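*Asks:* Would you mind keeping the following structure in view while I ask a few things?
Number of protein chains: 2
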Amino acid sequence: MIERSETKVSILNAAEMLFGRKGFDATSLRDITAEAQVNLAAVNYHFQSKDSLIDAVIQRRIEPLNDRRLAMLDEAGAHPTIEQIVHAFAAPVVEADLSPIVPLMGRILSTPDQFVSRVFKKHLNIVAQRFTEAMAKAVPDLSPAERMWRFHFMAGAMAHVLSWSHLLGELTGGVCDASDRKAITSRLVKFVAAGFRAPEGN
Amino acid sequence: MIERSETKVSILNAAEMLFGRKGFDATSLRDITAEAQVNLAAVNYHFQSKDSLIDAVIQRRIEPLNDRRLAMLDEAGAHPTIEQIVHAFAAPVVEADLSPIVPLMGRILSTPDQFVSRVFKKHLNIVAQRFTEAMAKAVPDLSPAERMWRFHFMAGAMAHVLSWSHLLGELTGGVCDASDRKAITSRLVKFVAAGFRAPEGN
DNA sequence: GTCTATAGGTTGATAGAC
DNA sequence: GTCTATCAACCTATAGAC
């Protein structure tokens, strides 16, 4: 059933780390096999191609992640506040136990072109729909278009701190401490929720 | 026969378009010379390397952009509101006349690792400092760390809509119209300003 | 399943004719 | 300044020995 070889997992681990750190295009299969300490041909044996490997790397993480998001949204009840909604969306990523997935997810969110078809339409449609519905109840005064835009503002703010998390400390002279994940979620939730509560105006 | 600057400008134009659309790693010099309808060797003649070309592409756009940002910040007076500050930061990019720079800037902001040294420390330090100072006056109740985090939330929200602008229409079934740039700025400013005004709390 | 070896293609960069 | 031709290095992917 779940017969996963040691080699296969090593490749996935090395790949997600390097993809997150250097990007998908800039990471070669040789980089991955060197990091994983396996043979080059093992990649094409276990996965068929680099493209399929990318899919496998993403899929391994994004499914439990989205399950967790939906579970947290359910736990918030039938009428969650906007704070609870944003928290359910962000916390599973920002506070993820497995640190390599943080830069990986930031990378995916930041380079939509290659992944919008293979990732978003496949794994994120249900999530987006459920969260959009919840937001429609939590901030009913906003027009659907405005809610959609703000949803993307939220996703962007989150993606940015994911992508930059390992640089923010150095870049801000130690002012931003990216190690306390729960604190980041808390700051993000406050900021985004206030943004969602802003009157739409014209 | 053609003036000697025409080739160079053609290369820069083609490069910024392709870099923005496909990313820096995924764009080859052959892609660029084909698009610019110039010879392959012209790239290495006018610019020394692909790396230097990337620098030139970025530098050509980022300097007038940052000048415009600082000018708008000055125009807002000695004590600008947070709305004015956010507008001065975002409008010059989001409403840029030259459309190729929109995805280009989104790409730069989304892939910090390769550019944090060559771009941010070189061109963005002064901008970040001036805007941080203005924010300290506009929202003085926030701790410096909180202001810094919210600055990055703002940058992320902006970068995201820049990167996704050409996809948002299709992805949202036409709900999000990315063609009206001023409307995007307006939405972004309202959202971010409300986020900045949120009490810090603990 | 794991390896070596290599095919077959693309890349960035250069040399040298004109 | 512009071109053709080419290099060495790298890439993904595969074939075949063990």
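Chains as they are written, first to last, in our numbering: chain A, 18 to 219; chain B, 18 to 219.
Ideal Cβ placement from N, Cα and C applies to all residues, glycine included.
In this text, all values refer to a predicted model and were calculated from it rather than measured experimentally.
If you follow the alpha helix (DSSP H) that L185 (chain B) is part of, which residue opens it and which one closes it?
*Replies:* 161-188
*Asks:* How would you call H222 (chain B), buried or exposed, if buried means at least 16 neighbouring beta carbons within 10 angstroms?
*Replies:* The displayed coordinates of chain B run from 18 to 219. Any statement about residue 222 (chain B) would go beyond what the structure contains.
*Asks:* Tell me whether S134 (chain A) sits in a helix, a strand or coil according to DSSP, three-state version.
*Replies:* Correct three-state label for S134 (chain A): helix.
*Asks:* Who are the neighbours of M165 (chain B) on chain A, taking C-beta pairs under 7 Å?
*Replies:* T189, V192, C193
*Asks:* Does K199 (chain B) get closer than 9 Å to chain A when you measure Cβ to Cβ?
*Replies:* no
*Asks:* Mind listing the chain B neighbours of G218 (chain A)? Cutoff is C-beta to C-beta under 8 Å, in chain order.
*Replies:* K207
*Asks:* Relative to the C-alpha of L16 (chain B), which residue among B:I75, B:K25, B:N83 is closest?
*Replies:* It is not possible to answer for residue 16 (chain B), since the shown part of chain B is limited to 18 through 219.
*Asks:* At a CB-CB cut-off below 8 Å, which residues of chain A make contact with D84 (chain B)?
*Replies:* Near D84 (chain B) there are no residues of chain A at all, since even the closest Cβ is about 22 Å away, more than 8 Å.
*Asks:* Taking Cβ to Cβ, would you say N83 (chain B) is nearer than 9 Å to I143 (chain B)?
*Replies:* yes
*Asks:* Please check if any C-beta of chain B sits within less than 9 Å of the C-beta of H177 (chain A).
*Replies:* yes
*Asks:* Going along the chain, which residues of its own chain have a beta-carbon closer than 8 Å to the beta-carbon of M18 (chain B), five neighbours each way excluded?
*Replies:* For M18 (chain B), the predicted structure reports a pLDDT of 42, less than 50, and the residue's modelled location is therefore unreliable. A value from the coordinates is still provided. None.
*Asks:* Short of 7 Å in beta carbon distance, which residues of its chain neighbour E20 (chain B), apart from the five on each side in sequence? Order them along the chain.
*Replies:* Because the pLDDT of E20 (chain B) is 47, which lies under 50, any placement of that residue in the model is unreliable, and the number read from its coordinates should be weighed accordingly. Closer than 7 Å at Cβ, skipping near neighbours: no residue.
*Asks:* Relative to the C-alpha of A153 (chain B), which candidate in B:A51, B:T98, B:T189, B:L29 has its C-alpha closest?
*Replies:* B:T98
*Asks:* CA-CA distance, D72 (chain A) and L46 (chain B)?
*Replies:* For D72 (chain A) and L46 (chain B), the gap between their C-alpha atoms comes out near 28 Å.
*Asks:* By the three-class DSSP mapping on this structure, what secondary structure does E20 (chain B) have?
*Replies:* The pLDDT assigned to E20 (chain B) is 47, lower than 50, so where the model puts this residue is not dependable, and the model offers no usable value.
*Asks:* At a Cβ cut of 9 Å, what residues of the stretch 127-141 of chain B count as close to chain A, listed as they run along the chain?
*Replies:* Residues of the stretch 127-141 of chain B with a C-beta less than 9 Å from any C-beta of chain A: S127, T128, P129, D130, Q131, V133, F137, K138, listed in chain order.
*Asks:* Would I79 (chain B) and V136 (chain B) be called neighbours here (beta carbons separated by less than 9 Å)?
*Replies:* yes
*Asks:* Kindly indicate which residue of B:E23, B:K39, B:A43, B:S66 has the alpha-carbon position closest to the one of Q54 (chain B).
*Replies:* B:E23
*Asks:* Output yes if chain A places a C-beta closer than 9 Å to the C-beta of P222 (chain B); else output no.
*Replies:* Here chain B has residues from 18 to 219 only, and residue 222 (chain B) is not among them.
*Asks:* Contact between the stretch 168-179 of chain B and the stretch 165-180 of chain A is defined here as three or more beta-carbon pairs at a separation below 8 Å; is this criterion met?
*Replies:* yes
*Asks:* Around the C-beta of F36 (chain A), are 16 or more other C-beta atoms found within 10 angstroms, so that it is buried, or is it exposed?
*Replies:* buried
*Asks:* Counting beta carbon pairs with one atom in the stretch 194-214 of chain A and one in the stretch 83-92 of chain B, are three or more of them shorter than 8 Å?
*Replies:* No, they do not touch.
*Asks:* On the three-state DSSP scale, how would you describe P97 (chain A)?
*Replies:* coil
*Asks:* Using the C-alpha atoms, what's the distance from A195 (chain A) back to D194 (chain B)?
*Replies:* 34 Å
*Asks:* Got a sec: is the Cβ-Cβ distance from E20 (chain B) to anything in chain A below 9 Å?
*Replies:* Note that E20 (chain B) scores 47 on pLDDT, short of 50, meaning its location in the model is unreliable; the coordinates nonetheless yield the value given after this. For E20 (chain B), the answer is no, since every Cβ of chain A falls outside 9 Å of its Cβ.
*Asks:* Give every residue of the same chain whose Cβ lies closer than 6 Å to the Cβ of H63 (chain B), excluding the five residues on either side of it in the sequence, and list them in chain order.
*Replies:* K25
*Asks:* At a Cβ threshold of 9 Å, is K39 (chain A) touching chain B?
*Replies:* yes
*Asks:* Taking only three categories from DSSP, how would you classify P112 (chain B)?
*Replies:* It should be pointed out that residue 112 (chain B) corresponds to Glu in this sequence rather than to Pro. In this structure, E112 (chain B) counts as coil in the three-state DSSP scheme.
*Asks:* Using the C-alpha atoms, what's the distance from T44 (chain A) back to K67 (chain A)?
*Replies:* 10 Å
*Asks:* Should Q101 (chain B) go down as buried or exposed, given a rule of 16 or more other Cβ atoms within 10 Å for buried?
*Replies:* If you draw a 10 Å sphere on the C-beta of Q101 (chain B), you find 16 or more other C-beta atoms in it, and that means buried.
*Asks:* Classify L33 (chain A) as buried or exposed, calling it buried when 16 or more other Cβ atoms lie within 10 Å of its own Cβ.
*Replies:* Note on residue identity: the sequence assigns Glu, not Leu, to residue 33 (chain A). That one is buried.
*Asks:* Are A210 (chain A) and A215 (chain B) close, meaning C-beta to C-beta below 9 Å?
*Replies:* yes
*Asks:* Rounding to the nearest angstrom, what Cα-Cα distance links V14 (chain A) and E217 (chain B) in this structure?
*Replies:* Within the shown structure, residues of chain A are numbered from 18 to 219, placing residue 14 (chain A) beyond reach of any answer.
*Asks:* Report all residues from its chain with a CB closer than 6 Å to the CB of F213 (chain B); omit the five preceding and five following residues, and keep chain order.
*Replies:* I99, V156, R167
*Asks:* Please classify Q65 (chain B): does DSSP put it in a helix, a strand, or coil?
*Replies:* coil
*Asks:* What residues in its chain sit with their C-beta under 8 Å from that of I118 (chain B), if we drop five residues either side in the sequence?
*Replies:* E33, G37, R78, L82, V110
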